[in-house]
Amino acid sequence: MDQKDLYRDAIRRVTGRIREAAPEDLAGRFSACSGFDAASYRRCRPEFDGAVCAVDGSNTIVLDAGSFAIAAVRASVSAYAGGTRLCHRTTPLQIVTVNPGVGNEDFDTLFSDCFHCPPKAHLDHDDPVRNTAVIRDTLEFWAAMEMAAELDTGDLIVLDGTLQVRHASHDEVVENLLNLCNLRGVLIAAVTKRTALTWDGGHPIVPAAEGLARDLGIPEPWYLCVSAAEGLIDRRETYLWKQRGEQYVARLHPRAQRAFKVEIPKYYSQDLVDQVFSALAAYADDGRVTGYPYPLLDAHLTTRIGRDAVDQVRHDIIRGMDLLGMHLADYTGIFGDYHDEFDRY
C-alpha cells in the first residue's frame, strides 16, 4: 500500500468513527434511550430584569524550558443590565512558573492571596498546561466571589466552563461561592462551549439533544435537562468533590449556530432554572456569535492573552535576566527550542 492509499485509508477510518459517534438516526436513538419527548424540552422567554455578570479567564505558556515553564494568566468580568455594560474588570497579568511534579510555590501564594488560606492540595499535575489551567481557575473563582459579594438579589453570574472543579484545592472555594450566591440571592450558572459529555457508549450529547429538538419541531429558545434521565450520561467523575450541578443542553436563539451545555446548581427550583435560561436567552442576540451570551463573549475578548502580550513578557524576562548578569546565550540555553529553528525553513 503506497502513501496515498495509507492516507485515504486513515481518512476513511476516522470518518467511519465519526459516523459511529453520530449515526444518521442519532436523534431517534437518543429519544429511545432517554425517554425524552416534546414535553421534556422547556421554552424560555428572552427577558431578564437583573444584571448578568460573566467571568472568564485566559492562560498561555510564555516560555518552556522542559523542566519548568513560565505562564501568563488573568481573568476578567463583564457585567450587563438592560443591554448596557455596567462594569468591566480585568485582573493584573500574573506571571507564574509551572512545573511537573508535586507542589508549586506561585500557585500556593496566589491561592492564599485570593482566599486568605493555603490550598488544601498540592498542584501536582505532570502537565504544565494543566497546572496553568488550575491557576487560571483560581483567578476566575476569586473574580466570581468578588462579584457575588457586589451583585444584587436576582442578578446572574455566568462562568465560562463548568461548576465542577479540576483540582481538589478548589472544592471548598466553589462550595463557598455557591453558598455566597445562595445567601445573597444571586443566581449562578456555567456555560461550556465544548463538552465531553456522551451517552450510550460514546455518542455526543449536545448534537443528539439538538437533533431531537429539530425533529420534534421545538422552537428556540429551549433547554433540556439531560441529567434528568437516570443513567443516560456516560461520563461521570469518580471524585465526589467534582460533582456540582445538573447538566442542561440549550439553544438560545433561532439563528444560533448550535446548542451548548449549561450547568446549574442541583438545588435550584424550576422557577430559578427558568430565570437562568431566560437571562441567558435575553443576552444571546449579539450578531457576532448569535445564540451565545454576549457578556461571556465580552469577557473572553478582553481577557485573552494575545501574541503582543506574550512577546512583551518574553522581552521583559530577557531584560530581567540581563540585570542579573545573564546573557542571551543563557536564555537560549534554557528556553531555546529547535522547533523555532525548524519553523524558519
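Residue numbering for the sequence shown follows my numbering, starting at 2 and increasing by one per position.
Just so it is clear, CB atoms sit at the ideal spot from N, CA and C, and this is done for glycine as well.
Where in the region 116-198 do unbroken runs of the alpha helix (DSSP H), each at least 4 residues long, occur, reported from the N-terminal end onward? 129-151 and 172-185
Candidates A33, R315, M322 and T333, of which the one nearest C71 by Cα: Residue identity check: residue 71 is Ile in the sequence provided, not Cys. Out of A33, R315, M322 and T333, R315 has the C-alpha closest to the C-alpha of I71.
Note down the Cα distance separating H301 from S77, rounded to an integer number of angstroms. 8 Å
Endpoints, alpha helix (DSSP H) assigned at R308: R308 to L324
List the DSSP bridge partners of F261. A251
Mind checking who R64 pairs with in its DSSP beta bridge? It is worth fixing the name first, because residue 64 is Leu in this sequence and not Arg. BP columns for L64 point to I71.
Residues of its chain near T61, where Cβ-Cβ distance is below 7 Å and the 5 sequence neighbours each way are ignored: A72, A73, I306 and V311
For G58 and I206, the rounded distance between their alpha carbons: 26 Å
In the DSSP assignment, find the unbroken beta strand (DSSP E) run with H347 in it and report its ends. Here the chain comprises residues numbered 2 to 346, so residue 347 is not present and cannot be evaluated.
In angstroms, rounded to a whole number, what distance separates the CA positions of G51 and C88? 14 Å
What residue does the alpha helix (DSSP H) around I206 start on, and which one ends it? I206 to L217
Just list the alpha helix (DSSP H) runs in the region 20-48, keeping only unbroken ones of 4 residues or longer that don't cross its boundaries, in chain order. 27-35
Straight-line Cα distance separating D10 from E147: 54 Å
Within 8 Å, strictly: CB atoms of L27 and V159: no
DSSP state of G246, grouped into three classes? strand
Does T239 pass the burial test, meaning 16 or more other C-beta atoms within 10 Å, or should it be called exposed? Confidence in T239 is poor, its pLDDT being 44 and thus under 50, which makes the residue's placement unreliable; the coordinate value appears in the next sentence. That one is exposed.
What residues in its chain sit with their C-beta under 7 Å from that of M322, if we drop five residues either side in the sequence? D331 and Y332
Quick one: is Q276 buried, meaning 16 or more other Cβ sit within 10 Å of its Cβ, or exposed? buried
Starting from T91 and walking both ways along the beta strand (DSSP E), at which residues does that stretch end? T85 to T91
Pick from M2, D309 and S35: whose alpha carbon is nearest that of G232? S35
Beta-carbon gap between Y224 and V250 smaller than 8 Å: yes
Whether or not the region 111-128 and the region 165-175 are in contact is what I'm after, with contact meaning three or more pairs of Cβ atoms, one per stretch, closer than 8 Å; do they touch? yes
Would C54 be called buried (16 or more neighbouring beta carbons within 10 Å of its own) or exposed? buried
Nonlocal neighbours in the same chain, by C-beta distance under 8 Å from L217, ignoring five residues either side: D38, A39 and Y42
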